[in-house]
Amino acid sequence: MRILIIGPSWVGDMVMAQTLFHCLKQQHPECVIDVLAPEWSRPILERMPEVRQALSFPLGHGALELATRRRIGKSLAGQYDQAILLPNSLKSALVPYFAGIPKRTGWRGEMRYLLLNDVRKLDKERYPLMIERFMALAYTPGAELPKPYPRPTLQIEAASREAALAKFGLSLDRPVLALCPGAEFGEAKRWPAEHYAEVADAMIRQGWQVWLFGSKNDHPVGESIRDRLIPGLREESSNLAGETSLAEAIDLMSCADAVVSNDSGLMHVAAALNRPLVAVYGSTSPGFTPPLAEQVEVVRLGLDCSPCFDRTCRFGHYNCLRLLEPGKVIAALQHLAGPNLIDTVAEVD
(Lines of atoms letter the chains of each structure in order from A and count residues from 1; the text may use other names and numbers.)
(Lines give C-alpha, C1' and ligand atoms only; values in the text may rest on other atoms or scores of the structure.)
Protein backbone atom coordinates (compact mmCIF):
# COMPACT_ATOMS: atom_id res chain seq x y z
CA MET A 1 0.00 0.00 0.00
CA ARG A 2 1.42 3.34 -1.11
CA ILE A 3 0.22 6.42 0.79
CA LEU A 4 0.80 10.09 0.02
CA ILE A 5 0.37 12.47 2.95
CA ILE A 6 -0.33 16.13 2.23
CA GLY A 7 1.52 17.66 5.16
CA PRO A 8 0.74 20.70 7.29
CA SER A 9 2.47 24.06 7.04
CA TRP A 10 3.69 24.55 10.61
CA VAL A 11 6.62 22.98 12.46
CA GLY A 12 4.61 21.80 15.45
CA ASP A 13 1.84 20.34 13.30
CA MET A 14 4.40 18.44 11.22
CA VAL A 15 5.93 16.95 14.36
CA MET A 16 2.50 15.88 15.62
CA ALA A 17 1.67 14.36 12.22
CA GLN A 18 4.02 11.50 13.12
CA THR A 19 1.22 10.07 15.25
CA LEU A 20 -0.73 9.45 12.02
CA PHE A 21 2.28 7.82 10.37
CA HIS A 22 2.66 5.53 13.37
CA CYS A 23 -0.99 4.49 13.20
CA LEU A 24 -0.70 3.73 9.48
CA LYS A 25 2.36 1.57 10.08
CA GLN A 26 0.61 -0.27 12.89
CA GLN A 27 -2.25 -1.22 10.58
CA HIS A 28 -0.18 -1.77 7.43
CA PRO A 29 3.41 -2.61 8.43
CA GLU A 30 4.53 -2.85 4.80
CA CYS A 31 2.96 0.40 3.66
CA VAL A 32 5.06 3.11 2.05
CA ILE A 33 4.54 6.67 3.33
CA ASP A 34 5.68 9.73 1.39
CA VAL A 35 4.92 13.27 2.55
CA LEU A 36 4.35 16.21 0.23
CA ALA A 37 5.20 19.32 2.25
CA PRO A 38 7.19 22.57 2.19
CA GLU A 39 10.95 22.10 1.81
CA TRP A 40 11.64 23.48 5.30
CA SER A 41 9.99 20.38 6.78
CA ARG A 42 12.51 17.95 5.28
CA PRO A 43 14.78 17.83 8.38
CA ILE A 44 11.78 16.84 10.50
CA LEU A 45 10.54 14.17 8.09
CA GLU A 46 14.04 12.75 7.60
CA ARG A 47 14.14 12.06 11.35
CA MET A 48 10.90 10.04 11.25
CA PRO A 49 11.55 6.35 10.49
CA GLU A 50 7.98 5.83 9.23
CA VAL A 51 8.51 8.19 6.26
CA ARG A 52 10.16 6.87 3.10
CA GLN A 53 10.74 10.25 1.53
CA ALA A 54 9.86 13.91 1.82
CA LEU A 55 8.57 15.43 -1.42
CA SER A 56 9.19 19.15 -1.66
CA PHE A 57 6.13 21.28 -2.33
CA PRO A 58 7.33 24.52 -3.96
CA LEU A 59 4.35 26.81 -3.28
CA GLY A 60 4.07 29.08 -0.27
CA HIS A 61 1.29 28.88 2.29
CA GLY A 62 -1.95 30.18 0.73
CA ALA A 63 -0.72 30.32 -2.89
CA LEU A 64 -3.20 28.85 -5.38
CA GLU A 65 -1.18 28.60 -8.63
CA LEU A 66 -3.51 26.06 -10.15
CA ALA A 67 -1.21 25.22 -13.08
CA THR A 68 1.66 24.33 -10.74
CA ARG A 69 -0.57 22.12 -8.61
CA ARG A 70 -1.83 20.38 -11.75
CA ARG A 71 1.75 19.79 -12.93
CA ILE A 72 2.77 18.33 -9.56
CA GLY A 73 -0.32 16.14 -9.49
CA LYS A 74 0.27 14.78 -12.99
CA SER A 75 3.89 13.97 -12.04
CA LEU A 76 2.61 11.78 -9.18
CA ALA A 77 -0.02 9.93 -11.22
CA GLY A 78 -0.06 6.16 -10.77
CA GLN A 79 2.31 6.16 -7.79
CA TYR A 80 -0.11 5.99 -4.82
CA ASP A 81 -3.13 4.03 -3.65
CA GLN A 82 -4.33 6.60 -1.10
CA ALA A 83 -3.80 10.26 -0.25
CA ILE A 84 -4.46 11.59 3.26
CA LEU A 85 -4.82 15.35 3.60
CA LEU A 86 -3.94 16.98 6.90
CA PRO A 87 -4.80 20.59 5.95
CA ASN A 88 -8.50 21.32 5.61
CA SER A 89 -8.16 23.70 2.67
CA LEU A 90 -9.51 23.24 -0.83
CA LYS A 91 -6.04 23.96 -2.26
CA SER A 92 -4.51 21.01 -0.43
CA ALA A 93 -6.91 18.64 -2.21
CA LEU A 94 -5.92 19.68 -5.73
CA VAL A 95 -2.66 17.73 -6.12
CA PRO A 96 -4.15 14.34 -5.09
CA TYR A 97 -7.12 15.02 -7.37
CA PHE A 98 -4.93 15.88 -10.36
CA ALA A 99 -2.79 12.81 -9.58
CA GLY A 100 -5.90 10.61 -9.83
CA ILE A 101 -5.10 8.86 -6.55
CA PRO A 102 -7.90 6.27 -6.10
CA LYS A 103 -8.68 7.03 -2.44
CA ARG A 104 -8.48 10.62 -1.23
CA THR A 105 -9.13 11.02 2.50
CA GLY A 106 -9.64 14.18 4.51
CA TRP A 107 -11.92 16.15 6.81
CA ARG A 108 -14.74 18.09 5.25
CA GLY A 109 -13.76 21.71 4.64
CA GLU A 110 -13.75 24.58 2.13
CA MET A 111 -16.25 23.00 -0.28
CA ARG A 112 -13.89 20.28 -1.49
CA TYR A 113 -16.48 17.50 -1.78
CA LEU A 114 -15.75 16.87 -5.44
CA LEU A 115 -12.00 16.60 -4.87
CA LEU A 116 -12.17 13.99 -2.10
CA ASN A 117 -13.92 10.63 -2.22
CA ASP A 118 -13.38 9.64 1.43
CA VAL A 119 -14.75 12.74 3.16
CA ARG A 120 -14.99 12.69 6.94
CA LYS A 121 -17.15 14.93 9.13
CA LEU A 122 -15.18 16.10 12.15
CA ASP A 123 -16.71 15.73 15.61
CA LYS A 124 -14.62 18.22 17.60
CA GLU A 125 -15.97 16.99 20.93
CA ARG A 126 -14.99 13.42 20.16
CA TYR A 127 -11.56 14.48 18.87
CA PRO A 128 -10.52 17.55 20.91
CA LEU A 129 -6.78 17.03 20.33
CA MET A 130 -5.08 17.77 17.04
CA ILE A 131 -3.29 14.42 17.13
CA GLU A 132 -6.67 12.68 17.45
CA ARG A 133 -7.84 14.47 14.31
CA PHE A 134 -4.70 13.33 12.52
CA MET A 135 -4.84 9.74 13.83
CA ALA A 136 -8.52 9.27 13.03
CA LEU A 137 -7.74 9.59 9.31
CA ALA A 138 -5.81 6.31 9.52
CA TYR A 139 -8.93 4.37 10.50
CA THR A 140 -12.44 3.81 9.19
CA PRO A 141 -14.97 6.52 10.11
CA GLY A 142 -16.18 6.15 13.69
CA ALA A 143 -13.47 3.71 14.74
CA GLU A 144 -12.14 3.93 18.29
CA LEU A 145 -8.59 5.23 18.46
CA PRO A 146 -6.29 2.72 20.16
CA LYS A 147 -4.65 3.84 23.40
CA PRO A 148 -2.15 4.73 24.62
CA TYR A 149 -1.66 7.27 21.86
CA PRO A 150 1.70 7.22 20.11
CA ARG A 151 4.10 10.08 20.78
CA PRO A 152 6.23 11.78 18.14
CA THR A 153 9.82 10.56 18.33
CA LEU A 154 12.54 12.13 16.21
CA GLN A 155 15.65 10.02 15.63
CA ILE A 156 19.03 11.74 15.76
CA GLU A 157 22.23 10.50 14.14
CA ALA A 158 25.29 10.92 16.35
CA ALA A 159 27.45 12.05 13.43
CA SER A 160 25.18 14.94 12.47
CA ARG A 161 24.90 16.02 16.12
CA GLU A 162 28.67 16.01 16.55
CA ALA A 163 29.06 17.99 13.32
CA ALA A 164 26.64 20.64 14.60
CA LEU A 165 28.44 20.90 17.94
CA ALA A 166 31.76 21.35 16.14
CA LYS A 167 30.39 23.90 13.66
CA PHE A 168 29.15 26.22 16.43
CA GLY A 169 32.01 25.56 18.83
CA LEU A 170 29.74 24.13 21.51
CA SER A 171 30.76 21.69 24.22
CA LEU A 172 28.85 19.56 26.69
CA ASP A 173 31.13 20.23 29.66
CA ARG A 174 28.19 21.81 31.52
CA PRO A 175 24.51 20.77 31.48
CA VAL A 176 22.58 22.54 28.73
CA LEU A 177 19.42 24.59 29.18
CA ALA A 178 17.74 25.29 25.82
CA LEU A 179 15.55 28.41 25.70
CA CYS A 180 13.04 28.94 22.89
CA PRO A 181 11.74 32.51 23.36
CA GLY A 182 10.11 32.95 19.96
CA ALA A 183 6.73 32.03 18.49
CA GLU A 184 5.74 32.63 14.88
CA PHE A 185 2.07 32.83 15.89
CA GLY A 186 2.47 36.24 17.53
CA GLU A 187 3.31 38.30 20.59
CA ALA A 188 0.57 36.71 22.70
CA LYS A 189 2.60 33.48 22.81
CA ARG A 190 5.92 35.08 23.78
CA TRP A 191 6.95 35.10 27.42
CA PRO A 192 8.91 38.34 28.09
CA ALA A 193 12.65 38.42 27.40
CA GLU A 194 13.35 39.71 30.92
CA HIS A 195 11.67 36.62 32.38
CA TYR A 196 13.75 34.32 30.20
CA ALA A 197 16.84 36.24 31.30
CA GLU A 198 16.04 35.60 34.97
CA VAL A 199 15.73 31.88 34.28
CA ALA A 200 19.02 31.91 32.38
CA ASP A 201 20.72 33.81 35.21
CA ALA A 202 19.49 31.37 37.86
CA MET A 203 20.47 28.26 35.92
CA ILE A 204 23.91 29.54 34.90
CA ARG A 205 24.59 30.31 38.57
CA GLN A 206 23.76 26.66 39.28
CA GLY A 207 26.41 25.49 36.83
CA TRP A 208 24.45 25.26 33.59
CA GLN A 209 25.05 26.80 30.17
CA VAL A 210 22.25 28.30 28.05
CA TRP A 211 21.61 27.86 24.33
CA LEU A 212 18.97 30.05 22.67
CA PHE A 213 17.05 28.63 19.70
CA GLY A 214 14.72 30.13 17.13
CA SER A 215 14.43 31.65 13.68
CA LYS A 216 16.21 34.70 12.30
CA ASN A 217 13.31 36.79 13.63
CA ASP A 218 14.09 35.54 17.13
CA HIS A 219 17.76 36.52 17.10
CA PRO A 220 17.11 40.01 18.54
CA VAL A 221 15.16 38.65 21.51
CA GLY A 222 17.99 36.18 22.08
CA GLU A 223 20.44 39.07 22.22
CA SER A 224 18.09 40.94 24.54
CA ILE A 225 18.15 37.98 26.92
CA ARG A 226 21.96 37.74 26.80
CA ASP A 227 22.33 41.50 27.31
CA ARG A 228 20.52 41.17 30.63
CA LEU A 229 23.14 38.74 31.92
CA ILE A 230 26.13 40.18 33.75
CA PRO A 231 29.67 39.60 32.45
CA GLY A 232 30.86 36.21 33.58
CA LEU A 233 27.39 34.75 33.13
CA ARG A 234 26.80 36.04 29.62
CA GLU A 235 29.75 34.00 28.37
CA GLU A 236 27.90 30.82 29.36
CA SER A 237 25.14 31.57 26.85
CA SER A 238 25.02 31.13 23.07
CA ASN A 239 22.45 32.74 20.79
CA LEU A 240 21.84 30.21 18.03
CA ALA A 241 18.56 31.75 16.85
CA GLY A 242 18.79 32.41 13.13
CA GLU A 243 22.29 30.93 12.98
CA THR A 244 21.39 27.27 12.61
CA SER A 245 19.42 25.44 10.01
CA LEU A 246 16.35 23.61 11.29
CA ALA A 247 18.29 20.34 11.00
CA GLU A 248 21.11 21.72 13.14
CA ALA A 249 18.67 23.14 15.67
CA ILE A 250 17.01 19.73 16.07
CA ASP A 251 20.33 17.95 16.46
CA LEU A 252 21.64 20.50 18.98
CA MET A 253 18.40 20.52 20.97
CA SER A 254 18.78 16.78 21.39
CA CYS A 255 21.80 17.61 23.59
CA ALA A 256 19.74 19.71 26.02
CA ASP A 257 19.33 18.54 29.59
CA ALA A 258 16.21 20.71 29.88
CA VAL A 259 14.18 23.04 27.66
CA VAL A 260 12.01 26.08 28.37
CA SER A 261 9.79 27.06 25.46
CA ASN A 262 6.79 29.10 24.52
CA ASP A 263 3.93 27.26 22.83
CA SER A 264 5.74 26.97 19.50
CA GLY A 265 7.01 24.54 16.93
CA LEU A 266 10.26 24.13 18.82
CA MET A 267 8.27 23.12 21.90
CA HIS A 268 6.95 20.15 19.93
CA VAL A 269 10.44 19.39 18.62
CA ALA A 270 11.76 19.31 22.20
CA ALA A 271 8.93 16.98 23.20
CA ALA A 272 9.62 14.68 20.25
CA LEU A 273 13.27 14.54 21.36
CA ASN A 274 12.01 13.55 24.83
CA ARG A 275 13.85 16.41 26.51
CA PRO A 276 12.67 17.49 29.99
CA LEU A 277 10.44 20.40 29.02
CA VAL A 278 8.83 23.39 30.68
CA ALA A 279 6.11 24.70 28.35
CA VAL A 280 4.98 28.29 28.93
CA TYR A 281 1.41 29.06 27.84
CA GLY A 282 -0.26 32.46 27.59
CA SER A 283 -2.99 33.13 25.03
CA THR A 284 -3.24 29.48 24.00
CA SER A 285 -4.08 26.26 25.80
CA PRO A 286 -2.48 22.83 26.16
CA GLY A 287 -5.97 21.39 25.68
CA PHE A 288 -5.58 21.24 21.86
CA THR A 289 -1.87 20.83 21.05
CA PRO A 290 -0.09 19.79 24.26
CA PRO A 291 3.57 18.77 24.19
CA LEU A 292 3.63 15.00 23.90
CA ALA A 293 6.42 13.67 26.11
CA GLU A 294 6.97 11.98 29.46
CA GLN A 295 8.79 14.79 31.26
CA VAL A 296 6.69 17.92 30.79
CA GLU A 297 5.70 20.72 33.15
CA VAL A 298 3.07 23.12 31.78
CA VAL A 299 3.22 26.58 33.36
CA ARG A 300 0.35 29.00 32.85
CA LEU A 301 -1.76 31.45 34.89
CA GLY A 302 -5.19 30.59 33.53
CA LEU A 303 -6.55 34.13 33.72
CA ASP A 304 -10.22 34.78 32.98
CA CYS A 305 -9.29 36.28 29.61
CA SER A 306 -7.24 33.27 28.50
CA PRO A 307 -7.05 31.27 26.42
CA CYS A 308 -8.13 33.78 23.80
CA PHE A 309 -6.02 32.39 20.92
CA ASP A 310 -5.40 35.93 19.68
CA ARG A 311 -2.07 36.85 18.11
CA THR A 312 -1.96 40.12 20.04
CA CYS A 313 -3.56 40.96 23.37
CA ARG A 314 -6.94 42.62 22.81
CA PHE A 315 -6.44 44.51 26.09
CA GLY A 316 -2.83 45.45 25.38
CA HIS A 317 -1.49 44.21 28.74
CA TYR A 318 -0.38 40.59 27.98
CA ASN A 319 -0.94 39.78 31.64
CA CYS A 320 -1.21 36.06 30.94
CA LEU A 321 2.51 36.15 30.16
CA ARG A 322 3.81 39.29 31.87
CA LEU A 323 2.47 38.26 35.30
CA LEU A 324 3.81 34.71 34.97
CA GLU A 325 6.85 34.98 37.24
CA PRO A 326 10.22 33.39 36.38
CA GLY A 327 10.22 31.66 39.76
CA LYS A 328 7.43 29.36 38.58
CA VAL A 329 9.49 28.25 35.62
CA ILE A 330 12.64 27.81 37.70
CA ALA A 331 10.67 25.69 40.20
CA ALA A 332 9.29 23.60 37.32
CA LEU A 333 12.82 23.06 35.99
CA GLN A 334 14.05 21.94 39.37
CA HIS A 335 11.08 19.61 39.75
CA LEU A 336 11.82 18.06 36.37
CA ALA A 337 15.53 17.65 37.03
CA GLY A 338 15.17 16.56 40.67
CA PRO A 339 18.27 14.99 42.20
CA ASN A 340 19.89 14.81 38.77
CA LEU A 341 20.12 18.60 38.73
CA ILE A 342 22.12 18.66 41.95
CA ASP A 343 24.30 15.71 40.94
CA THR A 344 25.09 17.14 37.53
CA VAL A 345 25.98 20.58 38.90
CA ALA A 346 28.12 19.03 41.62
CA GLU A 347 30.09 17.13 38.98
CA VAL A 348 30.63 20.34 36.98
CA ASP A 349 31.79 22.24 40.07
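At position 163 of the sequence shown (counting the first as 1) the number is 1291 in our numbering, and the numbers step up by one without a gap.
Glycine included, each C-beta is placed from N, C-alpha and C at the ideal position.
In this structure, residue 1212 lies away from residue 1237, with their beta-carbon atoms at least 8 Å apart.
When DSSP states are grouped into helix, strand and coil, residue 1148 belongs to the helix group. Secondary structure at residue 1337: strand, using DSSP grouped into helix, strand and coil. Cβ contact annotation for residue 1284 (same chain, cutoff 8 Å, sequence separation greater than five): 1175, 1378, 1379, 1382 and 1401, in chain order. Between residue 1164 and residue 1223, the CB-CB gap stays under 8 Å.
Of all alpha-carbon atoms in 1249, 1434, 1460 and 1207, the one lying nearest the alpha-carbon of residue 1265 is that of 1249. Annotation: residue 1209 to residue 1387 spans about 41 Å, alpha carbon to alpha carbon. A straight line joining the alpha-carbon of residue 1158 with that of residue 1326 spans about 50 Å. Excluding its 5 nearest sequence neighbours in each direction, residue 1366 has C-beta neighbours in its own chain below 8 Å: 1296, 1298, 1337, 1338, 1339 and 1340, listed in chain order. If you look at residue 1130, you'll find it in the beta strand (DSSP E) that goes 1130 to 1134. Judged by DSSP secondary structure, residue 1462 falls within the alpha helix (DSSP H) whose first and last residues are 1454 to 1465. Taking the Cα positions, residue 1417 is about 28 Å away from residue 1245.
Following the DSSP letters along the chain, one finds residue 1171 inside the alpha helix (DSSP H) bounded by residues 1170 to 1173. Here residue 1132 is near residue 1229, since their CB atoms are less than 8 Å apart. Residue state for residue 1276 is assigned as coil, using DSSP reduced to three classes. Counting the other Cβ atoms within 10 Å of the Cβ of residue 1434 gives 16 or more, which makes it buried.
Per DSSP, the continuous beta strand (DSSP E) segment holding residue 1211 begins and ends at 1210 to 1213. Residue state for residue 1231 is assigned as strand, using DSSP reduced to three classes. With 16 or more neighbouring CB atoms inside 10 Å of its own CB, residue 1376 falls in the buried class.
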